[in-house]
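Residue numbers (the numbering used here): 47 to 745. Note that the Cβ used here is the ideal one computed from N, Cα and C, for glycine as well.
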């Protein structure tokens, strides 16, 4: 009966609620913006727009370069090299979904190509080829350019226009190539008009409108010029409607994509268009432009961008069209003369395909017309972590906690596979990774980093793809091994096991090396969590302050040759050498260097005093670490951390452990599960260390 009542209310509703929802949705629709996007006007209206804003008639390269600059940039220096970070590659249009990290040096090269092409220095007649290993962001870069153009042409700054023909019967025929309306001006008059527009403008603000109309527009132009006996003004006034153009890949306007297929189904007409045989019966000739569909990828991408996926896998007949389109800016549709186009042609390929191109002597013309831009893997740890954080963050990963350092450890391994062993400086591979990431290591300067890069120019062109790492993180996330939390050990296990089936690892030797690097990463992770547990144990600021104050008092007396007053007896005593050395040894200060280190500390305190600042033990990283290690050593036995490993704890020990666990959760981002896991694991490490020390002492 209840179900019947519901059905009755639905079928007998007066529709008031539906109309209310409809009205609410309609109020959210921006009618004014729609009208702006679909603006139409006369040729005279357009000339007025051009005079006020000549940039509407920009070339394809100018438009892309201006689009990138529209989002701004930041200049910075890294390892003595001036770099520019273009905010466009942060994917401001797509809310960061396709953001690119760690490739500023290479993206600068790409933007410089657009810049020189925008100024007509020659690169506008070249194919841009993005070259790099699989998963290095080549496709993402092109996708960003496509999305950017779709967005930019919707803005007033990125507006562009084309035109349609209004025929005698009132029907409207759009220009199939969305050509620039200024092409309707006869060439000799157009040159003078453009010169007047460019007068007094800087080089980057000047425009050039070259080439002739497409075959269809030439046909209508001739017909109407004949009708009006050469009166050009009547032609454009009576038969031309200028319209705004918005680029759209889905609607095939201004953005094209071509992907090689098998030889049997691949046809060059996909690039230049084909005859419409149904219209031949109407117009009577294959060479009548009205019977031709100018809908090939070159045609629809005119004034925008054409992407060639795996460009070097194209058949030879396609390459001829490609050479003409880039070098001469023309294409050759079947049965027609060459047609002028203006578009950016960008392709991408991997290293094996590019090596084949270099060896093929018949491809000299293509090589000569290609600008290669290397897009390697990221070599900076913090940037690689950002790649994974983009996909695995609390907003996207629901219901499962990712333990601290999980993504960092995965990224660390990926980067190690992309590095060459250092040939100089007695440097380990892990130290090299840290230097590349901007970490400071004693005895190493920025010059050493520059030299390391110069001796290994192919770094980043080999190694593990981010895709493989993300697949294994995903496996760990859906695993039932731990339903609440994913930790680095789970991810490392997935990375290891996946190597047996990873198709891009071709030799057993390579597989063995990758596993050795995983062992190296595991050791590094153990050091990281040991330090975090130590800090959680020694997080008693008052105890650290007291220890620091005691150390500084003794160091001050030692450096000045004075005595220290015992705070309990009040007597003057020699500085406590045992205390000072117990702290200094924690950061490997040898006996021979203790005087230098103590003077260094006192000079640091004195320089702060001159600036009116007070010394804080947290401001000196080395001293802070030494104090933490000393306090940890003093407190370890009282906390009885090793009891966690055995699982036997009294109430007092449990309370102390709970305090440490709470600090790990609050200050380091652990959850209850992973905080317990790392405390148990670190406790077992310390337990093994205690046993080893006792055995060595016994010997």
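Shown here for residue 261: same chain residues with a beta carbon closer than 8 Å to its own, the five before and five after excluded, namely 335, 338, 340, 379, 382, 383 and 385 in chain order. Between residue 514 and residue 560, the beta carbon gap of about 10 Å keeps them out of contact (Cβ cut-off 8 Å). Here the alpha carbon of residue 395 sits roughly 43 Å from the alpha carbon of residue 327. If you check the CB distance, residue 302 and residue 346 come in under 8 Å. Contact between residue 348 and residue 224 is confirmed by a C-beta separation of about 6 Å, below the 8 Å threshold.
Membership of residue 380 in any alpha helix (DSSP H) is not indicated, and neither H nor E is assigned to it by DSSP. By the Cβ neighbour-count rule, residue 630 is buried, with 16 or more other Cβ atoms within 10 Å of its own. Residue 495 has its alpha-carbon roughly 7 Å from the corresponding atom of residue 481. Segment contact: the stretch 134 to 147 against the stretch 193 to 200, three or more CB-CB distances shorter than 8 Å; contact assigned. In the three-state reduction of the DSSP assignment, residue 675 falls in the helix class, which pools H, G and I. Between the stretch 109 to 129 and the stretch 313 to 323, the count of C-beta pairs closer than 8 Å stays below three; the two stretches do not touch. Under the Cβ criterion (8 Å, minimum of three pairs), the stretch 400 to 413 does not count as touching the stretch 461 to 471.
Just measuring C-alpha positions, the residue of 180, 669 and 71 sitting nearest residue 424 is 180.
With respect to the 8 Å criterion, residue 531 and residue 449 are classified as neighbours on the basis of their beta carbons. Exposure of residue 63 is indicated by the presence of fewer than 16 other C-beta atoms within 10 angstroms of its C-beta.
Exposed is the label assigned to residue 71, since fewer than 16 other Cβ atoms lie within 10 Å of its Cβ. Minimum Cα-Cα distance from residue 647 among the listed residues 678, 598 and 368 corresponds to 598. Annotation: the continuous beta strand (DSSP E) that includes residue 128 extends over 127 to 132. Residue 353: member of the beta strand (DSSP E) spanning 351 to 355, first to last residue. A residue is called buried once 16 or more other Cβ atoms fall within 10 Å of its Cβ, and residue 76, having fewer, is exposed. Ranked by how close their Cα comes to the Cα of residue 649, the residues 617, 679 and 605 have 605 in first place. Contact between residue 389 and residue 351 holds: CB atoms are separated by about 6 Å, below the 8 Å threshold. Boundaries cannot be given for residue 616, as no beta strand (DSSP E) includes it and DSSP labels it neither H nor E.
Ranked by Cα distance from residue 83, the first of 197, 402, 291 and 168 is 291. Residue environment: residue 90 is assigned as exposed (fewer than 16 neighbouring CB atoms within 10 Å of its CB, all protein chains considered). Counting only unbroken stretches of 3 or more residues, the beta strand (DSSP E) elements lying wholly within the stretch 212 to 239 are 218 to 220, in sequence order. DSSP places residue 107 inside the alpha helix (DSSP H), whose first and last residues are 106 to 116. Counting of Cβ neighbours within 10 angstroms places residue 99 among the exposed residues, the total staying below 16. When C-beta atoms of the stretch 361 to 380 are compared with those of the stretch 149 to 157, fewer than three pairs fall below 8 Å, so the two segments do not count as touching. Between the alpha carbons of residue 342 and residue 299 lies a distance of about 11 Å. Secondary structure note for residue 304: it is in no alpha helix (DSSP H), and the uninterrupted beta strand (DSSP E) holding it is 301 to 304.
Of 714, 111, 506 and 171, the smallest CA-CA separation from residue 414 is found for 171. Within the stretch 553 to 604, the complete alpha helix (DSSP H) runs of at least 4 residues fall at 554 to 583.
Here the C-alpha atom of residue 663 lies approximately 26 Å from the C-alpha atom of residue 483. A straight line joining the alpha-carbon of residue 710 with that of residue 418 spans about 49 Å.
In summary, residue 204 is buried, with 16 or more beta-carbon neighbours lying within 10 Å of its beta-carbon over all protein chains present.
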